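K.L.:
First, the structure itself, so that you have it in front of you.
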Amino acid sequence: GAGVSQTPSNKVTEKGKYVELRCDPISGHTALYWYRQSLGQGPEFLIYFQGTGAADDSGLPNDRFFAVRPEGSVSTLKIQRTERGDSAVYLCASSLARAGPYNEQFFGPGTRLTVL
Amino acid sequence: TQLLEQSPQFLSIQEGENLTVYCNSSSVFSSLQWYRQEPGEGPVLLVTVVTGGEVKKLKRLTFQFGDARKDSSLHITAAQPGDTGLYLCAGVKLAGGGSNYKLTFGKGTLLTVNP
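Listed in order, the protein sequences are those of chains A and B. Under this note's numbering, the first residue of the first sequence carries the number -4, and numbering increases by one thereafter. Under this note's numbering, the first residue of the second sequence carries the number 7, and numbering increases by one thereafter.
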C-alpha cells in the first residue's frame, strides 16, 4: 500500500518568503507528526495532530511556524518570513490512533528546504 | 535539546566485522526504538524495546534495552555493505496532555560498511 508522501521533495526559497510543505499520511492513520532534521542531527519533534486538532505543538520553534490538518488527513506545514536557519529536511510521519509505547510511526521521505 | 547521546557518531568498517553502537540518556523512557535512515529517505523502524533488560534479535542485529530503561545498544554481526546507513535511536515518552507518545531522537551513528 501507499506510504506517507510529502511534496515538494525539494524547495528552494529566498529569505523572508513564505513556504508551505504538504504531507499525505497513510490512509486510516489518525495521528500525524512533523519533525525537522538538520544536517548531522536526528529528527526533532515539531507538532503532533490527533485527527484535526494539534494535540501537542510544543516543538514549534516560534510563531513563524504553523501547521494545519483541516480534514484529519492531509497536513500542511507553513513557515512565514523564512530564515536561513530554517534550512533543513522536514519529515512527516503518521501512525494508527492507538497510543502506547510501541507507537510505530511511518515516515515520509521528507522535504528538503533550502533558504538562500 | 537532544537528551539521547549516541556513540560513535561515525563508524567505517570492513565487510564481515562486528560492531556495536550505543544510545545513552539520563532519562527513563517508556520504550526505546531503533531506526535506520538512508539518504533521501525517512527513518524506518527496526525494533522497539519496552522492558528493562530486554534483548531482541533481528537476523544479524541484536538490540538490548538497559535494566533502568535509560540506555540501549545495537550490535551487528558480520556486517554487510547493505547495512550502510544512519542508525538512530529514539526514546519514547508520554507527553502533550497524555495522548502523545513523543519520540526524542539521538543524533545517529553513520555506519559505512566497505566491501
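Heads up, the beta-carbon is just placed ideally off N, CA and C, and yes, glycines get one too. Predicted model, so just to flag it, every value in this text is computed and none were measured.
1) Buried or exposed: where does A:Q1 fall if 16 or more other Cβ atoms within 10 Å of its Cβ makes it buried?
2) Consider the Cβ of B:N30: report whether some Cβ of chain A lies at a distance smaller than 9 Å.
3) Suppose the cutoff is 7 Å on Cβ atoms and the five residues either side in sequence are ignored; what does the same chain contact list for A:S115 look like?
4) Run through the DSSP bridge pairs and tell me what B:H81 is partnered with.
5) I need the boundaries of the beta strand (DSSP E) containing B:Q12, first residue and last residue.
6) Roughly how many angstroms lie between the CA atoms of B:L51 and A:G11, to the nearest whole one?
7) Is the stretch 85 to 92 of chain B close to the stretch 38 to 47 of chain B, with three or more CB pairs under 8 Å?
8) Does any residue of chain A bring its CB to less than 9 Å from the CB of B:Q8?
9) Buried or exposed: where does A:A(-3) fall if 16 or more other Cβ atoms within 10 Å of its Cβ makes it buried?
10) Are there 16 or more other CB atoms within 10 angstroms of the CB of B:P49, so buried, or fewer, so exposed?
P.N.:
On the basis of the coordinates in this document:
1) If you number the first sequence from 1, residue 1 of chain A lands on position 6. A:Q1 should be labelled buried.
2) Taking the first residue of the second sequence as 1, we reach residue 30 of chain B at position 24. No, because no Cβ of chain A sits closer than 9 Å to the Cβ of B:N30.
3) Since the first and last residues shown for chain A are -4 and 111, residue 115 of chain A lies out of range.
4) By 1-based counting over the second sequence, the position of residue 81 of chain B is 75. B:T26, B:T68, per the DSSP bridge assignment.
5) In the second sequence, counting from the first residue as 1, residue 12 of chain B sits at position 6. 10 to 13 is the span of the beta strand (DSSP E), which, as asked, contains B:Q12.
6) Here residue 51 of chain B is taken as the residue at index 45 of the second sequence, counted from 1. Here residue 11 of chain A is taken as the residue at index 16 of the first sequence, counted from 1. Near 36 Å, if we compare the C-alpha coordinates of A:G11 and B:L51.
7) yes
8) For the purposes of this step, residue 8 of chain B is taken as residue 2 along the second sequence, with counting starting at 1. Residue confidence is low: B:Q8 scores 49 on pLDDT, short of 50, so the model does not pin down where it sits. Its coordinate-derived value is still stated next. By this cut-off, B:Q8 is an interface position.
9) Counting from one through the first sequence, the residue named residue -3 of chain A turns up at place 2. Flag for A:A(-3) reads exposed.
10) Here residue 49 of chain B corresponds to residue number 43 of the second sequence, with the count starting at 1. By the neighbour-count rule (16 or more Cβ atoms within 10 Å), B:P49 is buried.
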